[in-house]
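Numbering (this note's numbering), first residue to last: 1 to 95. For every residue, glycine included, the Cβ atom is placed at its ideal position computed from N, Cα and C. Beneath this line is the structure, given in structure tokens, with notes to follow.
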């Protein structure tokens, strides 16, 4: 859901995504989130991935995978500020 929320045409897209993102992340962004999240978990001494790991690395992993539109630049938005909003707006999946 997090990667789909970066796509402005997705049903999961937040209002800020629709307003400021021209191109969202591809499915490879989801793969990168999982792999980098696993590395972070291992660095913290855990063998399992948590939602907090994904939230902690989301901006670092996705910032170069989204393209902002002119309105975002005109309003002073950055990929990090947009991604922070997206991460806060996406509810964690219930497993």
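Residue 67 - DSSP class collapsed to helix/strand/coil: strand
contact_flag[the stretch 35-50, the stretch 14-24] where n(CB pairs < 8 Å) is 3 or more: no
For residue 48 and residue 2, the rounded distance between their alpha carbons: 19 Å
Span of the beta strand (DSSP E), counted from its first residue to its last, around residue 22: 21-23
Cβ-Cβ separation, residue 61 to residue 91 (assumed contact under 8 Å), whole Å: Between residue 61 and residue 91 the Cβ distance is about 19 Å, and since that is not below 8 Å, they are no contact.
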